[in-house]
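Asks: Once you've had a glance at the structure underneath, I'll fire off some questions.
Number of protein chains: 2
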Amino acid sequence: MNREWELLHTPGPTPIPPSVERAMIQPMIGHRGQKCKELLENIAPRLKPIFGTSGDVLVLSSSGTSALEAAVVNTTSPGDEVVVVVAGAFGDRFAKICETYELKIHRIDVEWGSAVEVAAVEEQIQAHPNVKAVFVTHCETSTGAMHPVEQIAQKVHQDSEALVIVDGVSSIGGTPIDMDGAGIDLLVSGSQKAMMLPAGLAFVAVSDQAWSIINDNPRPRFYLDLRSFKKSLDAGQTPFTPALSLLFGLQEVLDLIEGEGLEQVHERHRVMREMTRAACRGLNLPLFVSDEAASPTVTSIRPQTFEAESFRKVANQEFGLMTAGGQKHLKGEIFRIGHMGYSRPANVLQYVSILEIVLRRLGHEFEPGSGTAAAQDAYLQATKELD
Amino acid sequence: MNREWELLHTPGPTPIPPSVERAMIQPMIGHRGQKCKELLENIAPRLKPIFGTSGDVLVLSSSGTSALEAAVVNTTSPGDEVVVVVAGAFGDRFAKICETYELKIHRIDVEWGSAVEVAAVEEQIQAHPNVKAVFVTHCETSTGAMHPVEQIAQKVHQDSEALVIVDGVSSIGGTPIDMDGAGIDLLVSGSQKAMMLPAGLAFVAVSDQAWSIINDNPRPRFYLDLRSFKKSLDAGQTPFTPALSLLFGLQEVLDLIEGEGLEQVHERHRVMREMTRAACRGLNLPLFVSDEAASPTVTSIRPQTFEAESFRKVANQEFGLMTAGGQKHLKGEIFRIGHMGYSRPANVLQYVSILEIVLRRLGHEFEPGSGTAAAQDAYLQATKELD
Chain A
1 MNREWELLHT PGPTPIPPSV ERAMIQPMIG HRGQKCKELL ENIAPRLKPI FGTSGDVLVL
61 SSSGTSALEA AVVNTTSPGD EVVVVVAGAF GDRFAKICET YELKIHRIDV EWGSAVEVAA
121 VEEQIQAHPN VKAVFVTHCE TSTGAMHPVE QIAQKVHQDS EALVIVDGVS SIGGTPIDMD
181 GAGIDLLVSG SQKAMMLPAG LAFVAVSDQA WSIINDNPRP RFYLDLRSFK KSLDAGQTPF
241 TPALSLLFGL QEVLDLIEGE GLEQVHERHR VMREMTRAAC RGLNLPLFVS DEAASPTVTS
301 IRPQTFEAES FRKVANQEFG LMTAGGQKHL KGEIFRIGHM GYSRPANVLQ YVSILEIVLR
361 RLGHEFEPGS GTAAAQDAYL QATKELD
Chain B
1001 MNREWELLHT PGPTPIPPSV ERAMIQPMIG HRGQKCKELL ENIAPRLKPI FGTSGDVLVL
1061 SSSGTSALEA AVVNTTSPGD EVVVVVAGAF GDRFAKICET YELKIHRIDV EWGSAVEVAA
1121 VEEQIQAHPN VKAVFVTHCE TSTGAMHPVE QIAQKVHQDS EALVIVDGVS SIGGTPIDMD
1181 GAGIDLLVSG SQKAMMLPAG LAFVAVSDQA WSIINDNPRP RFYLDLRSFK KSLDAGQTPF
1241 TPALSLLFGL QEVLDLIEGE GLEQVHERHR VMREMTRAAC RGLNLPLFVS DEAASPTVTS
1301 IRPQTFEAES FRKVANQEFG LMTAGGQKHL KGEIFRIGHM GYSRPANVLQ YVSILEIVLR
1361 RLGHEFEPGS GTAAAQDAYL QATKELD
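For the protein sequence lines, the chains are A and B, in the order given.
Quick note on our numbering: the first sequence kicks off at 1 and runs consecutively.
Quick note on our numbering: the second sequence kicks off at 1001 and runs consecutively.
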């Protein structure tokens, strides 16, 4: 399939809106000049509502993992006790970074596809009163399950001084989050998911409590030292050369999000989730995540009557539909459809109908059109105020 | 609806493939230099198979109507008798141009939505032995009906010396045509339909017989004088400044068409027509054109249970789906969906499902999903060799 025809529905990278593509091919400007200062000062306040904070959102020129690492190296010292929730590949990555930096990890392993219970975190906090930080993934991209990070943050702060550090890579921009209200201390994300950009920017939002830890933290760090980013941001600068074309793109992304309205952006993602899940039910396709934990940005399906990888192969070869497979022990067990960022109900209608055709080719039994009708029902239900 | 979200399914303009967009933003080059000569010499032979000819295909920097006018002014003189087939707005335009240039018109009016009978053309030719040219539209964009231009050309040449001049604006690139084999004398088109470009280029393919008329034709003409284009083409030039960015784009379009294979391009259009028509049948939507005359590039629907314009309005406002309405006396009576150029079965699946949702909003009765299932059936039928 020619790349011109591809339909990108992986849970990151995601498609880039044409106006963002155009914004990114503007001529380069000096990154120490007035124009870049204006660009940075334009972007900074507009990121805050997306992260649900009135505090600073630092922009790093690096990909999402660097933001996870920045969260670890800026807030902890070797030997510190931390709690890490692991319910998929990205929780596991947080744990690996913590191991690399010689932390003492109290790991909460949750069945992949499920959300952690708030009580399980509470238990660890109470059992280990010296815990310095709790690391938890908001949307676990590898499964499509969301952890109740706001409730976890509130509970942790009731019981301890630990920081709550959240990986929002595949949630930010696609789902509401009240960082300040819930007391989340670090909320990190990347550019290539619901933020509708290529990879290459990482975001770190920081609470006041976190700053007091970060400022006093003696651990050596350089490129990821958040103090440098904060100091530069206050001067309308970046500490190191920024990924300028991505910043041009980010400005246009903010225009698009504000033009649509942030609440409407979140609602659009919610509707896409409902449509996708309704279609799967209509097609007798087992959903991997419960309704309560399901992310508005990615849906995982665990087929019983055909191979997940066969679906992905046929959908890709015949329709250019790009989905993701399972990771680690879920490889071959599930496939994942991303519906975030530059994606909307019309895209869901399209991939649901493609899904139906591929299921027909694979011999899965269902009433043709029933997934489509179910997705339409969910759409009409969600938008019934238009009637 | 933000323009970023639009789904362009008018029968021209049509969406531009991203690689063509990128090709068009190359730096400008001097149009009298070696690089432009190489560009023109690269393009010229590659256009021929698309027009079904081994002769020259001239490229004018102007839109499709200029090619219709070029056909008229280069082949006729005031007072010449011509036959014009009129079965829609574009046949009518051919007639208007002929009137403007003071030709004596034998007009064959055909019910809009129908194809002309070859016998009706034969009758006019026999009744008027001095006819110099027969003008006929290949795909009548305003209705979605195709005239049997190859059979008409063969019949006219059996009976007379008249040239056969065909408007292929909304057919070329989307449907096979054997210009040389059928004896079509002028075959003209534009860039903004199945050729996947913005408007701004017009194409004129010319037979040897037509050249002998054109070369001796005394009628004054300048920008549209095909002799200038032929002379320049032979020297790897254009007579006037060419629309350079569109030529860059055209080169990429030719790469795409050759990469897919011209036969496969035509087959893709045929499959889109079959899917679209099957969906309409499944949804109890009356098709405006018979199976025999239906174009692979555009489908017209004449709704009975709701207003055509209501459909267009809701589809546009809610999904950004751009369709066309009826023209002249068909205004408000039909709507037209374009499926040509940078469009493929996955796009049909998408607009069929959108169509279903809008029909549900408009209270049209049908089994939800039935149009989708019918389109899928047509797709699977057309591609059954993959099974």
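Where is the CB? At the ideal position from N, CA and C, for every residue including glycine.
Of the residues A:Val134, A:Gly200, A:Ala119, which one's Cα is nearest the Cα of A:Val59?
Replies: Here residue 59 of chain A is taken as the residue at index 59 of the first sequence, counted from 1. Ranking A:Val134, A:Gly200, A:Ala119 by Cα distance to A:Val59 puts A:Gly200 first.
Asks: I'd like to confirm the pairing. Which residues does DSSP put opposite A:Thr299 in its beta bridges?
Replies: Translated into positions along the first sequence, residue 299 of chain A becomes position 299. The partner list for A:Thr299 (beta bridge, DSSP) reads A:Ile337.
Asks: Return yes when the Cβ of B:Val1134 is within less than 8 Å of the Cβ of B:Arg1107, no when it is not.
Replies: Here residue 1107 of chain B refers to the residue found at position 107 of the second sequence. Here residue 1134 of chain B refers to the residue found at position 134 of the second sequence. Not closer than 8 Å, so no.
Asks: What number of angstroms, rounded off, separates the C-alpha of A:Ser388 from the C-alpha of A:His138?
Replies: Because chain A in this structure spans residues 1 to 387, residue 388 of chain A falls outside the shown range and cannot be described.
Asks: With a threshold of 16 other CB atoms inside 10 Å of the CB of A:Ile413, please say whether the residue is buried or exposed.
Replies: Look at the range of chain A in this structure, 1 to 387, and you will see that residue 413 of chain A is not part of it.
Asks: Strictly under 8 Å for the Cβ-Cβ distance: is A:Arg344 near chain B by that measure?
Replies: For this step, residue 344 of chain A is matched to residue 344 along the first sequence. It does: the Cβ of A:Arg344 has a partner Cβ on chain B nearer than 8 Å.
Asks: Could you give the first and the last residue of the continuous alpha helix (DSSP H) run that contains A:His106?
Replies: Locating residue 106 of chain A in the first sequence gives position 106, counting from the first residue. Where A:His106 is concerned, there is no enclosing alpha helix (DSSP H), although the beta strand (DSSP E) it sits in stretches over 104 to 109.
Asks: Would you mind stating whether B:Thr1053 and B:Met1179 have Cβ atoms separated by less than 8 Å?
Replies: Working through the second sequence from its first residue, we reach residue 1053 of chain B at position 53. Working through the second sequence from its first residue, we reach residue 1179 of chain B at position 179. Contact flag set, yes.
Asks: Taking 8 Å as the CB-CB cut-off, is A:Phe319 touching chain B?
Replies: Locating residue 319 of chain A in the first sequence gives position 319, counting from the first residue. Closer than 8 Å to some Cβ of chain B, the Cβ of A:Phe319 qualifies, so yes.
Asks: Compare the Cα-Cα distances from A:Glu21 to each of A:Val110, A:Leu197, A:Glu38 and report the closest residue.
Replies: By one-based count along the first sequence, residue 21 of chain A stands at place 21. It is A:Leu197.
Asks: Kindly list, in the order they appear in chain A, the residues whose Cβ is closer than 8 Å to that of B:Asn1002.
Replies: The sequence position of residue 1002 of chain B within the second sequence is 2, counting from 1. Those are Leu256, Gly259, Glu260, listed as they occur along chain A.
Asks: Taking CB distances under 8 Å as the criterion, tell me whether A:Gln376 reaches chain B.
Replies: The sequence position of residue 376 of chain A within the first sequence is 376, counting from 1. Yes, A:Gln376 lies at the interface with chain B (some Cβ there is under 8 Å from its Cβ).
Asks: Whose Cβ in chain A lies nearer than 8 Å to the Cβ of B:Gly1183?
Replies: By 1-based counting over the second sequence, the position of residue 1183 of chain B is 183. Result: empty, since nearest Cβ-Cβ is about 35 Å, beyond 8 Å.
Asks: Can you say whether B:Gly1168 is buried or exposed, counting buried as having 16 or more other CB atoms within 10 angstroms of its CB?
Replies: Numbered from 1 along the second sequence, position 168 holds the residue referred to as residue 1168 of chain B. B:Gly1168 comes out buried.
Asks: Given a cut-off of 8 Å on the beta-carbon distance, is the pair B:Glu1006 and B:Met1322 in contact?
Replies: Taking the second sequence and counting its residues from 1, one reaches residue 1006 of chain B at position 6. Taking the second sequence and counting its residues from 1, one reaches residue 1322 of chain B at position 322. Yes, these two residues count as a Cβ contact at 8 Å.
Asks: Which whole-angstrom value is the C-beta distance of B:Ala1279 and B:Ala1374, which I expect to be below 8 Å?
Replies: Numbered from 1 along the second sequence, position 279 holds the residue referred to as residue 1279 of chain B. Numbered from 1 along the second sequence, position 374 holds the residue referred to as residue 1374 of chain B. Sure, about 5 Å apart at Cβ, within 8 Å.
Asks: For the putative contact between A:Gln376 and B:Pro1368, defined by C-beta atoms under 8 Å, what is the C-beta separation to the nearest angstrom?
Replies: Reading the first sequence from its first residue, position 376 is the one you call residue 376 of chain A. Reading the second sequence from its first residue, position 368 is the one you call residue 1368 of chain B. Right, the Cβ-Cβ distance comes to about 6 Å (below 8 Å), so this counts as a contact.
Asks: Between B:His1364 and B:Thr1305, what straight-line distance do the alpha-carbon atoms span, to the nearest angstrom?
Replies: Taking the second sequence and counting its residues from 1, one reaches residue 1364 of chain B at position 364. Taking the second sequence and counting its residues from 1, one reaches residue 1305 of chain B at position 305. Rounded to the nearest angstrom, the two C-alpha atoms are 6 Å apart.
Asks: Between which two residues does the beta strand (DSSP E) carrying B:Ala1202 extend?
Replies: Translated into positions along the second sequence, residue 1202 of chain B becomes position 202. 1202 to 1206 is the span of the beta strand (DSSP E), which, as asked, contains B:Ala1202.
Asks: Pull up the distance between the alpha-carbon of B:Asp1387 and that of A:Val358, whole angstroms please.
Replies: Here residue 1387 of chain B refers to the residue found at position 387 when the second sequence is read from its first residue. Here residue 358 of chain A refers to the residue found at position 358 when the first sequence is read from its first residue. Note on B:Asp1387: pLDDT 46, under 50, position unreliable in the model; no value is reported.
Asks: Along the stretch 350 to 362 of chain A, what residues have a CB closer than 8 Å to any CB found in chain B?
Replies: Going along the stretch 350 to 362 of chain A in chain order, one finds Gln350, Val352, Ser353, Ile354, Glu356, Ile357, Arg360, Arg361 with a Cβ nearer than 8 Å to chain B.
Asks: Answer with yes or no whether the minimum CB distance from A:Pro129 to chain B is below 8 Å.
Replies: Taking the first residue of the first sequence as position 1, residue 129 of chain A is located at position 129. Chain B contact via Cβ: absent.
Asks: In the DSSP output, what is B:Ile1172 paired with across the bridge?
Replies: Taking the second sequence and counting its residues from 1, the one referred to as residue 1172 of chain B is at position 172. For B:Ile1172, which the question treats as bridged, DSSP gives the partners B:Thr1175.
Asks: Go to A:Asp377, then tell me how far its beta strand (DSSP E) extends in each direction, as first and last residue.
Replies: Taking the first sequence and counting its residues from 1, the one referred to as residue 377 of chain A is at position 377. Unbroken run through A:Asp377 is the alpha helix (DSSP H), 370 to 382; no beta strand (DSSP E).
Asks: How about A:Ser343 and A:Thr14: do their beta carbons lie closer than 8 Å?
Replies: One-based indexing of the first sequence puts residue 343 of chain A at position 343. One-based indexing of the first sequence puts residue 14 of chain A at position 14. Against a cut-off of 8 Å, the Cβ pair of A:Thr14 and A:Ser343 comes out as a contact.
Asks: What number of angstroms, rounded off, separates the C-alpha of A:His157 from the C-alpha of B:Pro1017?
Replies: Against the first sequence, residue 157 of chain A aligns to sequence position 157. Against the second sequence, residue 1017 of chain B aligns to sequence position 17. Using only the alpha carbons, I get a separation of about 52 Å.
Asks: By Cβ distance below 6 Å, which residues in the same chain neighbour B:Gly1320 in space, the five residues on each side in sequence not counted?
Replies: Taking the second sequence and counting its residues from 1, the one referred to as residue 1320 of chain B is at position 320. So the list reads Met1001, Trp1005, Glu1006, Leu1007, once near-sequence residues are dropped.
Asks: Nearest CA to the CA of B:Trp1112: which residue from B:Gln1350, B:Ala1202, B:Thr1141?
Replies: Your numbering for residue 1112 of chain B matches position 112 in the second sequence. When only C-alpha atoms are compared, the closest one is B:Thr1141.
Asks: Name the one or two DSSP bridge partners that B:Cys1139 has.
Replies: As a first step, residue 1139 of chain B must be located in the second sequence, where it is residue number 139. Answer by DSSP bridge pairing, in chain order: B:Met1146.
Asks: Distance, Cα to Cα, A:His9 vs A:Val116?
Replies: Mapped onto the first sequence, residue 9 of chain A falls at position 9. Mapped onto the first sequence, residue 116 of chain A falls at position 116. Their backbone Cα atoms lie some 26 Å apart in a straight line.
Asks: For A:Asp167, list the residues DSSP reports as bridge partners.
Replies: Stepping through the first sequence from its first residue, residue 167 of chain A is reached at position 167. BP columns for A:Asp167 point to A:Thr137, A:Val188.
Asks: Mind listing which residues of the stretch 1016 to 1032 of chain B have their C-beta closer than 7 Å to chain A's C-betas, in chain order?
Replies: Those residues of the stretch 1016 to 1032 of chain B that come within reach of chain A (Cβ to Cβ, closer than 7 Å) are Pro1017, Pro1018, Ser1019.
Asks: Taking the straight line between their C-alpha atoms, what separation do you get for B:Val1187 and A:Ser19?
Replies: Your numbering for residue 1187 of chain B matches position 187 in the second sequence. Your numbering for residue 19 of chain A matches position 19 in the first sequence. The sequence given here has Leu at residue 1187 of chain B, not Val. Each residue's Cα considered, the two are about 37 Å apart.
Asks: With a threshold of 8 Å between beta carbons, is A:Ala247 in contact with chain B?
Replies: By 1-based counting over the first sequence, the position of residue 247 of chain A is 247. Just to set this straight, residue 247 of chain A is Leu in the shown sequence, not Ala. Output row for A:Leu247: interface = no.
Asks: If I'm right that A:Gly144 touches A:Arg336 with Cβ under 8 Å, what's the distance once you round it to whole angstroms?
Replies: Working through the first sequence from its first residue, we reach residue 144 of chain A at position 144. Working through the first sequence from its first residue, we reach residue 336 of chain A at position 336. So it is a contact: roughly 6 Å between Cβ atoms.
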